[in-house]
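With our numbering, the residue at position 140 of the sequence shown is 150, and numbering never jumps.
Backbone N, C-alpha and C fix where the C-beta goes; we use that ideal spot for every residue, glycine too.
Notes follow the structure.
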Amino acid sequence: MSKQENQPMVRNVHSTQSEMTEIILPNDTNMLGNLLGGRLMHFIDLTGAMAAYRHARTHVVTAAMDHIDFIQPVRLGDLVTLKSSVNRAFTSSMEVGVKVWAENTRTGSVSHVASAYMVFVAVDEHGRVQKVPQLKPETPDEIRRHEDALRRREHREREKTRRSEARLVTATLKDAGAIEP
Ligand SMILES: CC(C)(COP(=O)(O)OP(=O)(O)OC[C@H]1O[C@@H](n2cnc3c(N)ncnc32)[C@H](O)[C@@H]1OP(=O)(O)O)[C@@H](O)C(=O)NCCC(=O)NCCS
């Protein structure tokens, strides 16, 4: 794993903050005129990647989208604004938080409609994993998110181990003919 040359060793959260606004058109909605969940996930992925790019200053790939709450529907014609920033940088991976608001264009009312946590991994042009600069949280909110991101990483790692153990048990049972292949 190599590190990008001429990169600062530490960045602040502010330098990763990213924002995107979209108007919701008929192609983005279901029969009820509500924004499709998959379309919203696409917007979240893009906005999350912007923050990760700003931190890593190299290619990044989405490794996980591990938590997303759809709090209320977004309607046809609404303006959707997504904001993201890096919560914590590890060795080559970064946890990014994305928060989404919808604005009713007629009334101007704005509501929080979704939040998500994602993990991006920095890679070079050949897809080889790269080190990223460390992230320095400064404000009380940034420090809280930084600490929470470590807890979520530990939870993710426990879940990964649990899933691979479950796959191993299934493969062993299949080999022994105890369950259908
Ligand atoms: C993400 C990817 C580069 C990781 O490759 P890998 O060989 O597993 O790399 P490593 O085991 O060295 O792990 C590299 C980092 O990724 C993290 N990582 C790997 N898989 C992860 C997962 N499922 N969730 C969260 N983090 C993950 C590791 O924790 C590690 O982080 P760290 O360096 O900060 O400690 C690789 O799995 C990949 O290319 N996946 C496909 C990405 C993609 O196509 N995304 C779009 C999907 S639609």
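Legend entry - Cβ-based neighbour list, Q82, same chain, cut-off 7 Å, excluding 5 preceding and 5 following: S121, V123
Legend entry - beta-carbon D76 near ligand 1 non-hydrogen atom, thresh 8 Å: yes
Inset, instruction - Specify the secondary structure class of D1 as computed by DSSP and reduced to three states. - result: With the chain running from 11 to 191 in the structure shown, residue 1 is simply not present.
Inset, instruction - Quick one: give me the first and last residue of the alpha helix (DSSP H) that M51 is part of. - result: 47-66
Inset, instruction - Report buried or exposed for I189, applying the criterion of at least 16 other Cβ atoms within 10 angstroms of its Cβ. - result: exposed
Inset, instruction - Please state if the CB of R98 and the CB of N44 are separated by a distance shorter than 9 Å. - result: no
Inset, instruction - Tell me whether the beta-carbon of M128 lies closer than 9 Å to the beta-carbon of I54. - result: yes
Inset, instruction - Check whether the Cβ atoms of L89 and T39 sit closer than 9 Å, and answer yes or no. - result: no
Inset, instruction - Using only the heavy atoms of ligand 1, determine whether one of them is closer than 8 Å to the beta carbon of S174. - result: no
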